[in-house]
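Going by my numbering, 109 is the number at position 93 of the sequence shown; the sequence numbering is gapless.
The beta-carbon is built from N, C-alpha and C at its ideal position, and this holds for glycine as well.
These notes are about the structure you will find just below.
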Amino acid sequence: AYHFGVWEVTGNTPRLTSDTAKQTPEAVAAIDNLLRFIQTYIAPKIAGIYKEHAPSHWEALLRANARVIEVLGSKLQSRPSLRMGGPFFTVAAKEAGSGVIHIDWNDDRAIYAFVFAVGDWEGGEFCAPQLGIKIPVRPGQVLCVLARVVAHFSAPVTSGRRIVFTCFTDRLLFRHSDPVIIVG
Numbered sequence: 017a018y019h020f021g022v023w024e025v026t027g028n029t030p031r032l033t034s035d036t037a038k039q040t041p042e043a044v045a046a047i048d049n050l051l052r053f054i055q056t057y058i059a060p061k062i063a064g065i066y067k068e069h070a071p072s073h074w075e076a077l078l079r080a081n082a083r084v085i086e087v088l089g090s091k092l093q094s095r096p097s098l099r100m101g102g103p104f105f106t107v108a109a110k111e112a113g114s115g116v117i118h119i120d121w122n123d124d125r126a127i128y129a130f131v132f133a134v135g136d137w138e139g140g141e142f143c144a145p146q147l148g149i150k151i152p153v154r155p156g157q158v159l160c161v162l163a164r165v166v167a168h169f170s171a172p173v174t175s176g177r178r179i180v181f182t183c184f185t186d187r188l189l190f191r192h193s194d195p196v197i198i199v200g
């Protein structure tokens with residue numbers, strides 16, 4: 017998968033992911049166009065979900081956002097498409113999905129990951145074997161999951177092409193911004 021945006025994985029301060037920072041000017045323009053779309057159409061809806069259904073999480077994410085802006089201010093000013101406003105800080109993009117059962121160990125157990133897909137395909141359902149469910153995620157839908165809590169994988173795409181986007185906040189970025197928060 018490609019990871020675009022900001023994270024703190026294996027570090028102690030927020031930084032741009034290498035997939036974000038180490039690109040040609042043409043790739044940066046394409047990444048920024050993709051992120052602007054997500055920033056405009058996806059991030060506000062996810063922020064609304066947090067505000068309505070998990071206000072304490074939202075307040076903690078806003079504190080994380082303030083810390084990211086403080087640490088990366090000039091980098092974010094030169095690439096405003098990286099500022100999602102708090103509901104998540106990283107976007108993973110991958111064709112098809114992961115067919116291996118896994119838990120997203122870099123995510124925080126209390127903060128949701130949001131999954132959406134684009135393309136024209138059959139198959140590729142989100143599978144959570146510990147819950148015994150398969151959930152089709154079709155274009156225009158967003159799936160919300162605690163990806164560090166629920167083991168999951170994608171069923172094979174049987175025909176067509178599917179690009180999956182996962183919007184998430186890594187554990188260290190979240191916890192370093194608000195070490196005393198007790199959620200989930």
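query, result
"Taking the beta carbon of residue 47 as the centre, do at least 16 other beta carbons fall within 10 Å, making it buried, or is it exposed?", "buried"
"Identify, in the order they occur along the chain, each residue of the same chain with its Cβ nearer than 6 Å to the Cβ of residue 160, setting aside the five sequence neighbours on each side.", "128 and 130"
"DSSP state of residue 189, grouped into three classes?", "helix"
"At 4 residues or longer, what runs of the alpha helix (DSSP H) sit wholly inside the segment 117-200?", "187-193"
"Which residues in the same chain have their Cβ closer than 6 Å to the Cβ of residue 133, if we skip the five residues on either side of it in sequence?", "153, 178 and 180"
"At the level of alpha carbons, what is the spacing between residue 97 and residue 146?", "36 Å"
"If you drop the 5 nearest sequence neighbours on each side, which residues of the same chain put their C-beta closer than 6 Å to that of residue 120?", "163 and 164"
"Kindly list the residues whose CB is nearer than 8 Å to the CB of residue 124, restricted to its own chain and excluding five residues on each side of it in sequence; keep chain order.", "164, 185, 186, 187, 190 and 191"
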